[in-house]
Amino acid sequence: MQRPLSFLCVSWIALCAAGCGTTEPRPVPQPVEARSKPAPAADSAKRPWPTELAAEALLIGDVIEIEGPEGLIEHLAVRQEGQDVEYKAETTADGFLQTWNAKGGAEVRGQLDNCVLAALQRLSALERPGATSVEIRATGAVFKRRGPQGWTEARGTQWKVSYSLPRP
Numbered sequence: 012m013q014r015p016l017s018f019l020c021v022s023w024i025a026l027c028a029a030g031c032g033t034t035e036p037r038p039v040p041q042p043v044e045a046r047s048k049p050a051p052a053a054d055s056a057k058r059p060w061p062t063e064l065a066a067e068a069l070l071i072g073d074v075i076e077i078e079g080p081e082g083l084i085e086h087l088a089v090r091q092e093g094q095d096v097e098y099k100a101e102t103t104a105d106g107f108l109q110t111w112n113a114k115g116g117a118e119v120r121g122q123l124d125n126c127v128l129a130a131l132q133r134l135s136a137l138e139r140p141g142a143t144s145v146e147i148r149a150t151g152a153v154f155k156r157r158g159p160q161g162w163t164e165a166r167g168t169q170w171k172v173s174y175s176l177p178r179p
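For what it's worth, this note's numbering labels the leading residue of the sequence shown as 12, then goes sequentially.
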């Protein structure tokens, strides 16, 4: 009697599994190239951008502030290392403002094209609609180094530069 009961259970499970299928054919997977691609962001390659920022540079300051046109954030990369950096993003009357505040003796590290940035207290980036230049300001204990042709160094309590956007 034990054998027919186990045969019935196995048959019933097999019948249920066979009945769970679908009558519709499976969709054929598309090749990777044919899959929908995400919509590209506004083409930053076609936006004018200062060529001076392509040169290697280093900027260290207590506070570093960057202001520029639409597309600025596509040229800026900032490291956010766990709890050592507090990040805030907001839309203001002047534009889109991102702020990174260092906590606990840490520093905020970033890069604007080929310019390495190290802010000991705060780094901010303001993307202003209609801006015609990229402005970089550093205050506090400031160290700046530019190169590679003719490396120059400067130290002070403040530094400011403005790079005009080239005409398209």
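We put the beta carbon where it would ideally sit given N, CA and C, even for glycine.
- Counting along the chain, ILE84 sits inside no beta strand (DSSP E), nor does DSSP assign it H or E at all.
- Per the Cβ contact rule, the region 120-129 is in contact with the region 84-98 (3 or more Cβ pairs under 8 Å).
- Selection LEU70, GLU101, LEU83, VAL119 evaluated against GLN94 yields VAL119 as nearest (Cα-Cα).
- Looking at the DSSP output, GLU76 sits in a beta bridge with SER135, ARG148.
- Within its own chain, the residues whose Cβ lies closer than 8 Å to the Cβ of ALA117, once the five positions on either side in sequence are excluded, are GLU92, ASP95, VAL96, listed in chain order.
- Setting aside the 5 residues that flank it on each side, ARG58 is surrounded in the same chain by GLY82, each with a C-beta closer than 7 Å to its C-beta; the list follows chain order.
- The C-beta separation of GLU76 from SER135 comes to about 5 Å, placing the pair in contact by the 8 Å criterion.
- Its Cα nearest to that of LEU69, the residue PHE154 stands out among PHE154, GLY141, THR110.
- The residues SER173, TYR174, SER175, LEU176, in chain order, have a CB closer than 7 Å to that of SER144 in the same chain once the five nearest residues on each side in sequence are set aside.
- Counting along the chain, GLY121 sits inside the beta strand (DSSP E) bounded by residues 119-123.
- Around the C-beta of GLY167, fewer than 16 other C-beta atoms lie within 10 Å, and the residue is accordingly described as exposed.
- In the DSSP secondary-structure assignment, ARG157 is bridged to ALA68, THR163.
- Annotation: the continuous beta strand (DSSP E) that includes ALA100 extends over 96-102.
- A Cβ-Cβ distance of about 15 Å is found for the pair THR110 and ARG139, leaving them out of contact under the 8 Å criterion.
- Excluding its 5 nearest sequence neighbours in each direction, PRO61 has C-beta neighbours in its own chain below 6 Å: VAL145, TYR174, listed in chain order.
- Counting C-beta atoms within 10 angstroms of its own C-beta, ALA130 has 16 or more neighbours from the protein chains shown and is therefore classed as buried.
- Setting aside the 5 residues that flank it on each side, GLU63 is surrounded in the same chain by TYR174, each with a C-beta closer than 6 Å to its C-beta; the list follows chain order.
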